[in-house]
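Numbering (the numbering used here), first residue to last: 954 to 1123. Note that the Cβ used here is the ideal one computed from N, Cα and C, for glycine as well. The structure displayed is predicted, hence computed values, not measured ones. Some notes on the structure that comes next.
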């Protein structure tokens, strides 16, 4: 069960009153999260305004050494109202590019001041990333990506058809 439920603090795309919800706990450096990103984009496209999609950070920094920096960079972009463009840039096709210089480039792509998305500026959003991570732990997240379909943990394969079926069946 998702703990806490979606709220005003979450990064959400789609109508607030959408009847279907998909939430992803993700890590910008995780290869499986990167593979899931275009699948989720297609599910969002297919379901349109019936779906709201939310993202919470779950950086597995012991496995992915750049994941925490990428998460805080995305949060800094969020302060400028540019979380989703930064999210899209960070998950762009190809291998992850997450060095400090890369994060500056992603910021430019997202329309954010590149000096605001790198340490030490990002210290002010570390608590926000930690709160997402802790909510994942409380929700039973053990790895990434972990998806929640309409508030319940999703266990199936991450394909467009299976996600859409799961969303429509609950």
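query, result
"Using DSSP with H/G/I as helix, E/B as strand and the rest coil, what is residue 1101?", "strand"
"Is the number of C-beta pairs between the stretch 962-978 and the stretch 992-1000 that are closer than 8 Å three or more?", "yes"
"I need the straight-line Cα distance from residue 1016 to residue 987, nearest angstrom please.", "15 Å"
"Give the list of continuous beta strand (DSSP E) stretches no shorter than 3 residues that lie fully inside the stretch 998-1025.", "1004-1010"
"For residue 1067 and residue 1037, I'd like the C-alpha separation in whole angstroms.", "16 Å"
"What does residue 1109 pair with, by DSSP beta-bridge criteria?", "Note: residue 1109 sits in no beta bridge, so no partner."
"Where do the N-terminal and C-terminal ends of the alpha helix (DSSP H) with residue 1082 fall, by residue?", "1079-1091"
"Under a three-way DSSP split, which group does residue 1052 fall into?", "coil"
"Flag this pair as yes or no: are the beta carbons of residue 1092 and residue 963 separated by less than 7 Å?", "no"
"Does the beta-carbon of residue 1047, which I'm using as the reference point, lie nearer than 6 Å to any heavy atom of the ligand SAM?", "Only the bare structure without any ligand can be found here, which leaves the ligand SAM out of the picture."
"Take residue 1055 as the anchor and find which of 1114, 1080 and 1022 has the nearest alpha-carbon.", "1022"
"When burial is assigned at 16 or more other CB atoms within 10 Å of the CB, is residue 1028 buried or exposed?", "buried"
"Let me know if residue 1004 comes out buried or exposed under the rule of 16 or more other beta-carbons within 10 Å of its beta-carbon.", "buried"
"Grab me the residues of residue 959's own chain with a C-beta within less than 6 Å of its C-beta, minus the 5 sequence neighbours each way, in chain order.", "1007"
"Taking the alpha carbon of residue 1030 as the point to measure from, which residue in 1081, 1115, 991 and 1011 has its own alpha carbon closest?", "1081"
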